[in-house]
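To start, the structure under review is shown below, and the notes come after it.
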Ligand SMILES: Nc1ncnc2c1ncn2[C@@H]1O[C@H](COP(=O)(O)OP(=O)(O)OP(=O)(O)O)[C@@H](O)[C@H]1O
Ligand SMILES: [Mg+2]
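Residue numbers (our numbering), protein chains in the order written: chain L, 5 to 261; chain V, 393 to 750.
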């Protein structure tokens, strides 16, 4: 059974078709890369998968269940976790609180049990805190537990965002340019880290990356978007030598120059 | 080992909280017996402002939804409760132009239940009004909730056969005393600070911090914003009900936008997202409101007679607000709490960082 299936996802913003006919099937345990130049529609694709944008056309299936019309928080509860391209932490909350928010959707105690701190709630909250602590030590942030999230260095913020997404207990994790703003060494470390948590939490991951080289090492399969169109799909080696991909990237680089 | 230590600390905290409440109770006991009526009245007002400030802070400070609807909810609480606790005879005296409709004209129930009913109806309206508004953000929400508050005022001015219109309700029995106001204030503080320090509170704060991220973490925005509005409106209704019986005369214009503005000043000066800040500033505010009254009455200033300027107090408060915002951008407490935990920290050798929450 496939974890994720996107079936001809298309979205238009006014006259602009940001993504057209995006199709992908992701199997359990895969780590798929989604690459493409600036403005190719990568983030927009993530936003369609997570319910932020409703596609103009096409459907999204999670474990063969149609989730296209579901609310964002429902989709999270069904098992898709995500991070954002520009880190979006709850900056004024403490590091551990950031992670604990991710557990709220699984809270069993009722509102009044929570307000009156009944033994049942207190026990559950204790458990949530314990889980959050474990997640934090998993991403090596345990020593920052009570720091304000916004005060962390950039790299730590990125890792915290991943821990927070993991707290929702996702089956599928969507990472939007997790290595953005990092130097090559930091990027490599991060990719190792991602592989590690994938094994540890038995995750299926789709990873957006701008720079092809970064994902070559860890993704077995890569999709390339350009102007909203999927121009290539395959093994890293095939992608690297695909003339269309080279053209898209060279064109993009020419634009930068 | 560590667990045991934590347990001990919890008990100690609990003990301190009980002592704090006991001090308030003893103070109220002594005050109610010995202080003169004027001082008691001011202290009672303090308690009511605490209720109103803390409940508005839940919506505006902790959930980050800038609401200007508090006076509307207070108005509902005040009228609903008054209609329930006034005696039929008193109602007949008040509604001499247009009679009060049945069954309100005949019922009379105890004050306590009336106040709760006022809170519940305010909460219900909070939900009905909140639901469509919750898609709005920032300024838009502020404008719509402000509009709601004005609509309530206009409706109450015109529902002659229920609210007695602009004539208002006069001679309300004065049930509200120090016990009622501070009892309700302590319950409000207990309820809302517990809420803030629960999983629900974290969800509310996450909405304030970043709506899109909160939603992506599985927080149902509609439900949680609605929750904040309903709880906030409930306590605003309670505050309004108690205020009505304290000032003994209400009319729809008692609960105008000026009322909301006062509470907003309390919340902002105390610090958005700080319950202790709100409590402290609400108390000071209620006391200052009385002392600054001299500025609104004619004064004898070195032999020259100065006429009283009505509204002078609000002018002074606006200046205080501006000064505070200039020097303490985030209010006096800046979203932090003065907590017993810090207190313990000072007196214990254990100087590790203490966990969030109280
Ligand atoms: N809400 C929106 N309204 C209008 N246009 C949008 C919206 N969201 C995205 N777009 C447009 O869709 C296109 C794809 O944007 P998207 O952010 O998905 O690109 P990307 O591949 O993530 O690029 P980058 O590498 O810069 O992150 C862009 O042209 C963008 O301007
Ligand atoms: Mg992007």
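Even for Gly, the Cβ is constructed at its ideal location relative to N, Cα and C. Computed from a predicted structure; not experimentally measured.
Proximal residues of chain V, C-beta to C-beta of residue i below 9 angstroms
i, result
"residue 106 of chain L", "609 and 610"
"residue 180 of chain L", "Within 9 angstroms Cβ-Cβ: nothing; residue 180 of chain L doesn't reach chain V, min ~11 angstroms."
"residue 17 of chain L", "Going along chain V, no residue has its Cβ under 9 angstroms from residue 17 of chain L, so there is no contact; the nearest lies around 17 angstroms."
"residue 172 of chain L", "608, 609 and 610"
Listed by chain order, chain V residues near residue i by CB distance under 8 angstroms
i, result
"residue 81 of chain L", "610"
"residue 168 of chain L", "609"
"residue 86 of chain L", "608"
Chain-ordered neighbours of residue i on chain V, where CB pairs are closer than 7 angstroms
i, result
"residue 77 of chain L", "607, 610, 611 and 612"
"residue 225 of chain L", "By Cβ distance, chain V contributes nothing, its closest Cβ being about 25 angstroms from residue 225 of chain L, past 7 angstroms."
"residue 54 of chain L", "608"
Where residue i meets chain L, residues with beta-carbon distance less than 7 angstroms
i, result
"residue 583 of chain V", "119"
"residue 602 of chain V", "92 and 94"
"residue 666 of chain V", "Residues of chain L passing the Cβ test: none, with the nearest at roughly 12 angstroms."
Burial state of residue i, where buried means 16 or more other Cβ atoms lie within 10 Å
i, result
"residue 3 of chain L", "Here chain L covers residues 5 to 261 and nothing more, so residue 3 of chain L does not appear."
"residue 615 of chain V", "exposed"
"residue 185 of chain L", "exposed"
"residue 42 of chain L", "exposed"
"residue 481 of chain V", "exposed"
"residue 560 of chain V", "buried"
"residue 485 of chain V", "exposed"
"residue 597 of chain V", "buried"
"residue 139 of chain L", "buried"
"residue 252 of chain L", "buried"
"residue 472 of chain V", "buried"
"residue 418 of chain V", "exposed"
"residue 599 of chain V", "buried"
"residue 218 of chain L", "buried"
"residue 545 of chain V", "buried"
"residue 161 of chain L", "buried"
"residue 617 of chain V", "buried"
"residue 701 of chain V", "exposed"
"residue 612 of chain V", "buried"
"residue 245 of chain L", "exposed"
Within chain L, the residues that residue i reaches when beta carbons sit closer than 9 angstroms
i, result
"residue 598 of chain V", "94, 97, 101, 102, 105 and 108"
"residue 586 of chain V", "118, 119, 120 and 121"
"residue 591 of chain V", "104, 105, 107, 108, 111, 113, 118, 125, 128, 129 and 132"
Cβ-Cβ separation, residue j to residue i (assumed contact under 8 angstroms), whole Å
i, j, result
"residue 514 of chain V", "residue 581 of chain V", "Their Cβ separation, rounded to whole angstroms, is 19 angstroms, which puts residue 514 of chain V and residue 581 of chain V out of contact at 8 angstroms."
"residue 171 of chain L", "residue 94 of chain L", "Contact doesn't hold; Cβ gap of about 12 angstroms is too wide."
"residue 642 of chain V", "residue 554 of chain V", "The Cβ separation is near 13 angstroms, so there is no contact."
"residue 80 of chain L", "residue 464 of chain V", "In fact, because the Cβ distance is near 34 angstroms, the residues do not count as touching under 8 angstroms."
"residue 432 of chain V", "residue 682 of chain V", "Contact flag wrong, Cβ pair sits at about 12 angstroms."
"residue 452 of chain V", "residue 664 of chain V", "6 angstroms"
"residue 76 of chain L", "residue 54 of chain L", "6 angstroms"
"residue 7 of chain L", "residue 30 of chain L", "5 angstroms"
"residue 128 of chain L", "residue 109 of chain L", "Residue 128 of chain L to residue 109 of chain L, Cβ: 13 angstroms. No contact."
"residue 22 of chain L", "residue 45 of chain L", "5 angstroms"
"residue 167 of chain L", "residue 142 of chain L", "7 angstroms"
"residue 458 of chain V", "residue 530 of chain V", "6 angstroms"
"residue 454 of chain V", "residue 519 of chain V", "With 8 angstroms as the limit, residue 454 of chain V and residue 519 of chain V do not qualify as a contact, their Cβ atoms being about 18 angstroms apart."
Contact set between residue i and chain L, taken where Cβ atoms lie within less than 8 angstroms
i, result
"residue 594 of chain V", "97, 101, 104, 105 and 108"
Residue i Cβ short of 8 angstroms to ligand 3 heavy atom set
i, result
"residue 462 of chain V", "What this structure holds is ligand 1 and ligand 2, not ligand 3."
is_contact[residue i, chain B] using C-beta, thresh 9 angstroms
i, result
"residue 504 of chain V", "The chain labelled as chain B is not found among the protein chains of the depicted structure, namely L and V."
| Heavy atoms of ligand 2 versus C-beta positions, residues under 7 angstroms | Counting every residue whose Cβ lies closer than 7 angstroms to a heavy atom of ligand 2, we get L:46, L:47, L:89, L:180, L:181 and L:212.
| field | Three-pair Cβ contact test at 8 angstroms for the region 120-133 of chain L versus the region 93-110 of chain L | value | Here the region 120-133 of chain L makes contact with the region 93-110 of chain L; the two share three or more CB pairs at distances below 8 angstroms.
| query | When the Cβ atoms of the region 671-681 of chain V are set against those of the region 424-443 of chain V, are three or more pairs found closer than 8 angstroms? | reply | The region 671-681 of chain V is in contact with the region 424-443 of chain V.
| Is the number of C-beta pairs between the region 48-57 of chain L and the region 84-93 of chain L that are closer than 8 angstroms three or more? | yes
| message | With three or more C-beta pairs closer than 8 angstroms as the rule, is the region 624-644 of chain V touching the region 507-526 of chain V? | response | Touching, yes, given that three or more Cβ pairs across the two stretches are closer than 8 angstroms.
| Segment contact, 8 angstroms Cβ cut-off, at least three pairs: the region 54-72 of chain L with the region 225-241 of chain L | no
| said: Is it the case that the region 203-213 of chain L contacts the region 163-180 of chain L, given that we only count it when at least three CB pairs across the two stretches are under 8 angstroms? | reply: yes
| query | When the Cβ atoms of the region 12-24 of chain L are set against those of the region 194-208 of chain L, are three or more pairs found closer than 8 angstroms? | reply | Here the region 12-24 of chain L makes no contact with the region 194-208 of chain L; the two share fewer than three CB pairs at distances below 8 angstroms.
| message | With three or more C-beta pairs closer than 8 angstroms as the rule, is the region 110-120 of chain L touching the region 573-589 of chain V? | response | yes
| query | Do the region 652-661 of chain V and the region 415-429 of chain V touch if we need at least three Cβ pairs shorter than 8 angstroms? | reply | Short answer: they don't touch.
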